[in-house]
Amino acid sequence: MSFNKRLTSHTKISIAAIASSIAVTFSLPLQANEGDLFFEMPVVLSASRLKQPLSETPMAVTSIDRQIIEASGARTIPEVLRLVPGIVIGNSVNEWGEEAKLVVTYHGHTDQYSRQMQVLIDGRSIYEPLLGGVNWNMLPINIEDIERIEVSRGPNAATYGSNSFLAVINIITRHASEDPGHYTKLRAGNHDIADLLYRYGGNNGDIDYRITLSSQNDNGLDAKKNIGPYQHSDEEVDNHDDISTGAIDYRIDYQIDNKSTLTYQGGYGRSKLDINENFSSAGTRPVRDSDTTNAHQFIKLESVLDDKNSYVVQYYYNRQDKMDQSMSKDILGASINYLDLIYGLLGIPIDPNTGNPYLIDDFQLFLDFGLKSERHNLEFTHFNQTTDNLRLIWGASTQQDISKSPFWLNDQGTIRRETYRLFANTEWQINSKNLLNFGALIEDNKTLDTEISPRLSLIHKFNDKQSIRLGVSRAIRSPFISEEFGNTVFSHDLTSGGTPIGITLLEQQAIPNDQIINETITSWEIGYFGQLMDDNLIFNARLFHDSLDDLIQTESIPFAADNFDGQTYINRNLIGTNVQGVELELDLHLDSSLRIFGNVNYLEIESKNKIGNLAKQYEKSAPEWTTSMMVIKKFNENYSGSLEYHYIDKMQWLDVTSFSISDSYRTLDLRLSRSIRTAGSTSKLSLIIKNLLNEYNNYHQIAESGPLIEHNLTGYIEYSILFK
Amino acid sequence: MDQLFLKIQFKNIPVLVNRVVVLTCLFFTPTYSLAEQLATIISSNSNHYHQSLIQNIQSNLEGTDIKIRNIDIDQQETIDKNDGIIISIGSKAAEFLDQNNLSNTQLRVLTKTIPYKGTPKKNELQLSMTHSLCQQFALIRLLNADWKTVSIMLAKQNTLETKKLETCAAQYNLTLQTILISQYVNMIDALNSSLLNSDALLALPDPSVYNAKTVKSILLTTYRHRVPVIGFSEGFVHAGALAAIHSSTEQLGKQISELIQNHFKRDKTNKHYIYPKYFDVTINKDVAKSLGITIPDRKVLIEKLKNHNHE
């Protein structure tokens, strides 16, 4: 009831605001000077803004356009990425007492941080430098503002630098001029889903702007109560994975003159997450909350010098602050007998007054998993059409990563890492049939060796509609800051009856490794691209072989200084793999109202080093078979619907136990929408049901004493209204 | 009374004869020999494009006996029958001529696509700055043999004869889809729904539809639908249209000066509207490449278009 009241009052306010804007935005544009039509107009589709045709990209690229994004009914970006060949997503409901994360992987090799992919928003990397990967739950970007998502399948370090390793996800947002008016979207469903978004887009002379406010809330996944080792009752328990996010983001596009555009984007987001306890036998982390803020500023100048030259200068700043402080569970009371370990290492301490062993007090540790990370990046790119047949894109960038974390970096204070890059890519149209792409990126990182990431691809066109591509490229993944500098230490003065007994316990949980080097990948591929059936069918196939070396993995080693359990962890370049497979993708427009978008993929991972369980873990880290399909149907002007199907073979994420292999599963999602158009508004009512088959079963951990996590059917209703 | 009348009449006979003779001579004497050859150009001085066109007309007429008078409509200047051939540039100048209702020979240079509904007056010749839509359909067909449907966006008050256009499109096996824009129809929504069935959008030089404010949204929307825009100017192509057949102010200035000279040579056309004689074709290769469209060589396109006479 109160919700309805609030909605009503909100609507009234909106209508008042909207009424004043209708008069402006609904009328035809003012009569412009007719002669001006024949002079120069602002350059809208500049070389830097145009995307390469899929038939000419030097690598396989999947483009998820606006129609597919809308048809998916997705609340988060990873859900949309499931439609990309080879991409699998999961929800890392923790075993280690960390927050639940949405995880995205392309070809496995991934734990909950999915570090092997670069993710960019409009060219701004959102890769988190301390722990690596992307925190998808906390991105200050809304699906509604996305124009398309391009995923380069395969390494692309020659263009984007290190970490563009297995794939690159490039999210392109909409120009501010494309969303005029007031737009509101409400979403409500089971799992306490309650989302709200409001956006306003406007124009003032040469300035287009957009501001979006959003909030997303849900209570995470379902869980069944643990009643014994790996045994569960039907009783529902709280999984402590509620998420609540709020964000504001904005974009301003300023047309400086006909040849230059300045784009300024910024955003601020705050996420509150429930975090469950660590259910492993040695678990000490309690149930708690974390509070994370994200902020970014991004400014980009694009200028066209003449028909053959244009350039882009951009600067961005990302910042993340995470608060996650708590007192641990009782250490000696943990299910593992720490006291025996301590006695084993130090001997049993004797009270000199009584000659008897001390009765050692149980204790707690102060845990601070908070972190602060920042990234500054400045980049210059020059686009040059050297001749009719030769195009050159070159540039340079400098980047500084700054990280601080009491837990991950202990007393090392703030770690700074500077990276410098120089890159050039050329596209040479040898003749009407053959196109050669070659390029390289040189990257200098103060703590690691200077690396070159080259790429070469040759496209041969059989005709205007069909081509074949041969490509080879090399890329690196630099260890993220905690992989290189990670240094986690706890200490505690043992007491008996509240009195120190003169023994300090030291837990050196992780030590840095100054010998660590970059991971490398060399990728070979043969691709086919066909535009068939009167251009209504786009079909592409990719046969690939990747050789990965020096993959970084955490290893437990004896450590004498650690008198807690005599062990510590270190990150080392431990293993290499060969990955080969085939990916088939189609995009079929049967008519203007029916579209089918899907893929079928097969993959094999073979470990180069037979290091027991680790080799097996890597070999299982991606599903052999995956397939995805989306059918989009527009029934008439008002009604539309979509069905989305996925099949994922069994797999095992790198950081789960052998009990937590994800069996193969299928998902089926349904969306039905009705649009209502009036003279002043367009509204849409949608029903979305996710996981109709109730099989979705990916990632979650099964700890001996933990609850049974279940991905049950999720349904929600969306209502959106746009006043222009 | 009658005698008196006769007396007066006879008294004035020499004068009357004299006047008749003079008038008859004037009537049969070629215009250029009557007096100085004067061409009056009416335009708006604030319009850079118009000024560029006038400069080109003047430079082409340099060395001839034709004198040019420039009238700025914004300066409330007057015009009369002694101003020779009158060249109006732009629709504002054409409206100015309509208000004055002069019998002088008039060359009306218009940005808007012609023909319009209604017939030009006998003393009036219309020259479109843009090319005939039929010629643009020819360009579209030359750009891609597979395209079937072409959309055009018109302001609802536009008086363009769409029936004629449909006939012309049909000559090139193209179906015309008209999107009518009014204050009650959102342009981008209309584009979004109609582009689903379009192979190309043909832009017409109507400033109420295409202007610096709207061109951004239009080009981004069409690009998202992967539908190329056929523009009407070189600037439009640089902005992001795929191609355009267009005439520069140099080319138009040359044609207008030729028409003025022909007038004084009494070499008049019997047409009421004509199109640019000299033209160029501009292609945006980046857009073509991005949309995966293979475009024939520009020079070949120009030669082929010269063979299409749509006047």
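Protein chains in written order, with my numbering: chain A, 1 to 724; chain B, 1001 to 1311.
Cβ atoms here follow ideal geometry from the backbone N, Cα and C, with glycine treated the same way.
Cutoff 7 Å: Tyr1116 of chain B Cβ touching any chain A Cβ = Because the pLDDT at Tyr1116 of chain B is just 49, under 50, the model does not fix this residue reliably, and the point stays unresolved.
query = Thinking C-alpha only, which one of A:Glu555, A:Phe559, A:Glu583, A:Leu584 is nearest Asn573 of chain A?
reply = Residue A:Glu555 is the option with its Cα nearest to Asn573 of chain A.
key: Neighbour list for Val1287 of chain B in chain A, Cβ cutoff strictly below 8 Å   = Residues of chain A passing the Cβ test: Leu45, Leu50.
task = Ignore the nearest five residues each way along the sequence and tell me which others in Arg595 of chain A's own chain have a CB closer than 6 Å to its CB.
result = Spatial neighbours of Arg595 of chain A in its own chain (CB-CB distance under 6 Å, excluding positions within 5 residues in sequence) are listed in chain order as His589, Ile632.
inquiry  = Contact between the stretch 1261-1268 of chain B and the stretch 1182-1199 of chain B is defined here as three or more beta-carbon pairs at a separation below 8 Å; is this criterion met?
reply    = no
ask   = When you compare only the Cα positions, how much space is there between Lys610 of chain A and Val656 of chain A?
value = 19 Å
request  = Compute the distance between the beta-carbons of Lys404 of chain A and Lys372 of chain A, then report whether it is under 7 Å.
outcome  = yes
request  = Write down the C-beta distance between Asp663 of chain A and Glu624 of chain A rounded to the nearest angstrom, noting that I regard them as a contact closer than 8 Å.
outcome  = Actually they do not touch by this definition, with Cβ atoms about 13 Å apart.
message = Between A:His109, A:Leu301, A:Ser214, which has its C-alpha nearest Ala615 of chain A's C-alpha?
response = Cα-wise, what sits closest to Ala615 of chain A is A:His109.
message = Suppose contacts are defined by Cβ-Cβ distances below 7 Å. Is Trp524 of chain A in contact with His492 of chain A by that definition?
response = His492 of chain A is positioned such that its CB atom lies no closer than 7 Å to that of Trp524 of chain A.
ask   = Sorted by chain position, which residues of the same chain lie with C-beta nearer than 6 Å to Ile393 of chain A's C-beta, five sequence neighbours on each side aside?
value = Cβ neighbours of Ile393 of chain A within its own chain (closer than 6 Å, five residues either side excluded): Phe383, Asn425.
message = Distance cutoff 7 Å, beta carbons only. Does Asp179 of chain A sit that close to anything in chain B?
response = Answer no: the Cβ-Cβ gap between Asp179 of chain A and chain B never drops below 7 Å.
Supposed close pair Asn410 of chain A, Val489 of chain A - CB separation, criterion 8 Å = With a Cβ gap of about 5 Å, Asn410 of chain A and Val489 of chain A count as contacting.
ask   = Checking contacts by CB at 7 Å: is Leu713 of chain A closer than that to chain B?
value = no
ask   = Contact check, Ser673 of chain A vs Gln652 of chain A under 8 Å by CB: the rounded distance?
value = Contact doesn't hold; Cβ gap of about 37 Å is too wide.
ask   = Name the DSSP bridge partner or partners of Leu435 of chain A?
value = BP columns for Leu435 of chain A point to A:Gln429, A:Ile459.
ask   = If we call anything under 7 Å between Cβ atoms a contact, is Pro512 of chain A one with Asn487 of chain A?
value = For Pro512 of chain A and Asn487 of chain A, yes; Cβs fall inside 7 Å.
Three or more C-beta pairs below 8 Å linking the stretch 51-69 of chain A and the stretch 146-165 of chain A = yes
task = State buried or exposed for Phe26 of chain A, treating a residue as buried only when at least 16 other CB atoms are found within 10 Å of its CB.
result = Residue confidence is low: Phe26 of chain A scores 34 on pLDDT, short of 50, so the model does not pin down where it sits. No coordinate-derived value is stated.
message = Taking its Cβ as the centre, do 16 or more other Cβ atoms sit within 10 Å of Ser592 of chain A, making it buried, or is it exposed?
response = Exposed: under 16 other Cβ atoms inside 10 Å.
key: Coarse secondary structure for Gln112 of chain A, derived from DSSP in three states   = Here Gln112 of chain A carries a coil assignment [DSSP, helix/strand/coil].
task = Throw me the rounded Cβ distance for the Asp550 of chain A and Glu585 of chain A pair, which I believe falls under 8 Å.
result = Rounded, the Cβ-Cβ distance is 31 Å, inconsistent with contact.
ask   = Are Ala1093 of chain B and Ile1057 of chain B closer than 7 Å when you measure CB to CB?
value = no
message = Taking CB distances under 7 Å as the criterion, tell me whether Asp241 of chain A reaches chain B.
response = no
query = With distances taken between CB atoms, is the gap from Leu1097 of chain B to Thr1249 of chain B smaller than 7 Å?
reply = Result no, Cβ atoms of Leu1097 of chain B and Thr1249 of chain B do not sit closer than 7 Å.
key: Nearest to Gly760 of chain A (by Cα), restricted to the options A:Met41, A:Thr263, A:Asp362   = The shown model of chain A, from 1 to 724, leaves out residue 760 of chain A, and the question about it has no answer.
ask   = Can you list, in chain order, the residues of the stretch 1235-1260 of chain B whose Cβ is nearer than 7 Å to any Cβ on chain A?
value = Gly1235, Phe1236, His1238, Ala1239, Gly1240
inquiry  = Please confirm whether Thr1294 of chain B has its beta-carbon closer than 7 Å to some beta-carbon of chain C.
reply    = Any reference to chain C falls outside this structure, whose protein chains are A and B.
query = From what residue to what residue does the beta strand (DSSP E) around Asp274 of chain A run?
reply = Counting along the chain, Asp274 of chain A sits inside the beta strand (DSSP E) bounded by residues 260-275.
key: Residues near Glu427 of chain A in its chain [Cβ-Cβ closer than 6 Å; skip 5 each side]   = Excluding sequence positions up to five before and after Glu427 of chain A, its CB lies within less than 6 Å of the CB of Arg391, Asn437, all in the same chain and listed in chain order.
query = Considering only residues of the stretch 1134-1194 of chain B, which uninterrupted beta strand (DSSP E) runs meet the minimum length of 3 residues and lie entirely inside it, listed in chain order?
reply = Counting only runs of 3 or more, we get 1149-1155, 1175-1181.
ask   = Residues in its own chain within less than 7 Å of Ile227 of chain A by CB, not counting five upstream and five downstream?
value = Ser233
key: Assumed close pair Gln325 of chain A, Leu367 of chain A - CB separation to whole angstroms, cut-off 8 Å   = 7 Å
request  = Put Val1300 of chain B into one of helix, strand or coil per three-state DSSP.
outcome  = helix
Residue-chain proximity (Ser1217 of chain B, chain A), Cβ-Cβ < 7 Å = yes
request  = For Asn91 of chain A, decide whether its Cβ has a neighbour in chain B, counting only Cβ atoms nearer than 7 Å.
outcome  = So, not an interface residue.
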